[in-house]
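Heads up: the sequence shown is residues 75 to 456, going by our numbering.
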Amino acid sequence: MAGSWLLGAGVGEPGRRPTALLVGVHGEDGGDTDSSTATSLAELRRLADTDGLAVADAVVQNRPRPDPATYLGSGKVDELAVLAERTQADLVIADGELSPGQVRNLEERVGVRVVDRTALILDIFAEHARTGEGRLQVELAQIAYQLPRLRGDGRSLSRVGGGRTAGGAGMGVRGPGEMRLETQRRRLRQRATRLRRNAAELARRRERTRNRRARNQVPSVSITGYTNAGKSALLNRLTGADAQVQDVLFATLDPTVRRLTAGGLTFTVTDTVGFVRHLPHQLVDAFRSTLEEVGGSDLALHVVDASAPDALDQITTVHGVLHEIGAGDVPELLVLNKIDIAPTDWVDCLCRAHPQAVPVSALTGQGIADLRTTLATRLQRR
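Encoded structure:
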């Protein structure tokens with residue numbers, strides 16, 4: 075169920091999935107296409123479903139850029155208000171990052187809670203973080219997001235003020251007034267300082283572990299890729315691990331490390347967090363030490379959902395994040411997963427675009443033996 079901070083206090087009925095409306099802006103300046111807009115909204119729908127929300131409808135407007143005051147133009151905002159009343163929506167989710175002013179103005183015009191794509195992803199991350207390090211990293215991202223959005227009406231997007239939290243701080247102050255706002259900001263900043271100190275220590279431990287593996291000459295492979303590409307399922311198939319596998323976005327946030335022997339060579343394989351379009355920069359910063367597992371590895375096993383119609387775009391998105399975290403130069407082995415459900419002609423197309431890719435099915439085991447052999451060969455060259 076979506077965290078109460080997304081919905082606001084007292085919103086929704088017990089036993090009923092909260093209802094959401096999706097809104098997006100389709101650019102007319104050549105930056106967007108109809109297919110990319112549809113794909114982005116379809117992904118936003120999956121994110122909402124992962125967070126326990128029922129999507130009632132979507133509103134898309136054609137305009138060069140979002141309205142600086144209300145994201146949508148005035149006429150579309152009126153249309154959205156009517157739709158929200160008709161569907162009894164609890165929440166409006168924008169397919170982009172909203173400014174505090176846009177959130178406030180939209181809520182006043184539409185009459186329901188308004189959040190953006192970043193807030194939704196943060197909520198999902200908070201739900202899926204299992205380890206202390208994962209919860210710490212998510213809470214850091216939450217604080218970075220909510221600090222500029224604190225406002226004096228008691229409705230700031232604050233995990234610390236209530237609802238589902240990653241770190242369980244629970245020390246926000248509600249109510250109007252600049253003094254209370256300053257108190258909130260000061261406590262959030264103090265909390266962030268403590269979290270960053272703890273995160274730095276965890277990063278040092280992770281670095282020591284990587285150095286120890288390097289001294290022992292144990293090669294390392296990091297599994298990376300778009301969310302829900304089947305990374306954890308592939309780890310299980312390769313190593314016999316028991317990593318959690320779910321058909322939801324961001325099922326894995328905490329790295330899982332296993333050993334694998336292939337071709338007479340023993341090496342470690344690490345499952346890492348998946349990426350997504352417009353991955354919030356707060357999350358990239360907060361998870362940097364975890365993502366650096368990819369940068370410190372000998373080979374990046376880039377898993378692609380070969381059944382996804384936008385697989386090529388997903389590859390581009392992952393490459394962008396890897397460059398952002400300084401892992402763009404790590405040797406890569408592309409793995410086309412889910413070939414058991416992907417159209418054959420589409421798999422052939424992907425193989426022509428990436429001739430070195432290895433097609434596999436983590437579900438059926440098809441191609442896994444070839445992948446093990448290729449892994450050993452690539453690592454032995456290193």
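Cβ coordinates follow ideal geometry from the N, Cα and C atoms, glycine included.
| Query | Result |
| --- | --- |
| Could you pull the DSSP bridge partners for Gly299 from this structure? | Val377 |
| Just grab the DSSP bridge partners of Gln135 for me. | Val99 |
| Per DSSP, Arg332 forms a beta bridge with which residues? | Val343 |
| Relative to the alpha-carbon of Leu457, which residue among His376, Lys150, Asp190 and Thr161 has its alpha-carbon at the smallest distance? | Residue 457 lies beyond the residue range present for the chain, which begins at 75 and ends at 456; the question has no answer from this structure. |
| Report buried or exposed for Ala215, applying the criterion of at least 16 other Cβ atoms within 10 angstroms of its Cβ. | buried |
| Would DSSP call Ile217 helix, strand or coil? | helix |
| Please report the straight-line C-alpha distance between Thr390 and Gly299, rounded to a whole angstrom. | 10 Å |
| Do the CB positions of Ala158 and Leu95 come within less than 8 Å of each other? | yes |
| Jot down the residue ranges of each uninterrupted alpha helix (DSSP H) in the stretch 371-416, minimum 4 residues, whole runs only, in chain order. | 385-398 |
| Whole angstroms are fine: how far does the CA of Gly101 sit from the CA of Leu437? | 39 Å |
| Quick one: Cα of Arg90 to Cα of Arg160, how far? | 17 Å |
| Does Ala307 pass the burial test, meaning 16 or more other C-beta atoms within 10 Å, or should it be called exposed? | buried |
| Rounded to a whole number of angstroms, what is the C-alpha to C-alpha distance between Gln430 and Ala112? | 30 Å |
| Ordered along the chain, which non-local residues of its own chain (more than five positions away) have a Cβ less than 7 Å from that of Glu272? | Reading off the sequence, residue 272 comes out as Asn, not Glu. Excluding positions up to five away in sequence, the list reads Leu210. |
| Check each candidate in Val368, Ala416 and Val212 and name the one with the smallest Cα separation from Gln440. | Ala416 |
| Smallest Cα separation from Val134: which of Lys150, Asp190, Thr340 and Val421? | Lys150 |
| In terms of residue numbering, what span does the alpha helix (DSSP H) encompassing Ala168 cover? | No alpha helix (DSSP H) holds Ala168; the beta strand (DSSP E) holding it covers Leu165 to Ala168. |
| For Arg259, which residues of its own chain have a beta-carbon under 7 Å away from its beta-carbon, when the five flanking residues on both sides are left out? | Leu221 and Leu224 |
| Within 10 angstroms of its Cβ, does Asn411 collect 16 or more other Cβ (buried), or is it exposed? | buried |
| So, are the CB atoms of Leu312 and Ile442 less than 8 Å apart? | yes |
| Please name the residue in Ala132, Thr124, Ser435 and Glu181 whose C-alpha comes closest to that of Ile198. | Thr124 |
| Let's test the definition: count the other Cβ atoms within 10 Å of the Cβ of His26 and tell me whether it reaches 16, buried, or not, exposed. | No statement about residue 26 is possible, as the shown extent of the chain runs from 75 to 456 and does not include it. |
| Kindly list the residues whose CB is nearer than 8 Å to the CB of Cys425, restricted to its own chain and excluding five residues on each side of it in sequence; keep chain order. | Leu410, Ala431 and Pro433 |
| Would you grab the beta carbon distance between Thr459 and Val331 for me? Rounded to a whole angstrom, and I think it's under 8 Å. | Coverage of the chain is limited to positions 75 through 456, which leaves residue 459 absent and any answer about it impossible. |
| By Cβ distance below 8 Å, which residues in the same chain neighbour Asp444 in space, the five residues on each side in sequence not counted? | Val432 and Val434 |
| Work out the CA separation of Glu367 and Ser148 for me, nearest whole Å. | 46 Å |
| Rounding to the nearest angstrom, what Cα-Cα distance links Ile217 and Val378 in this structure? | 32 Å |
| For Arg178, which of helix, strand or coil comes out of DSSP? | helix |
| Mind checking which residues open and close the alpha helix (DSSP H) that includes Arg446? | Ile442 to Arg455 |
| Please tell me whether, using a cut-off of 7 Å, the distance from the CB of Arg209 to the nearest non-hydrogen atom of the ligand FMN is below it. | Ligands displayed in this structure: none; no statement on the ligand FMN is therefore possible. |
| Give me, in chain order, the residues of the same chain whose beta-carbon lies closer than 8 Å to that of Thr447; leave out the 5 immediate sequence neighbours on both sides. | Ala336 and Gly337 |
| Just how far apart, CA to CA, sit Ala168 and Asp190? | 5 Å |
| Buried or exposed: Thr451, going by 16 or more other Cβ atoms within 10 Å of its Cβ? | exposed |
| Per DSSP, which residues does Asp190 bridge with? Please list them. | Ala168 |
| Do Thr346 and Leu365 have their C-beta atoms within less than 8 Å of each other? | yes |
| What are the boundary residues of the alpha helix (DSSP H) that Val421 is part of? | Thr418 to Ala427 |
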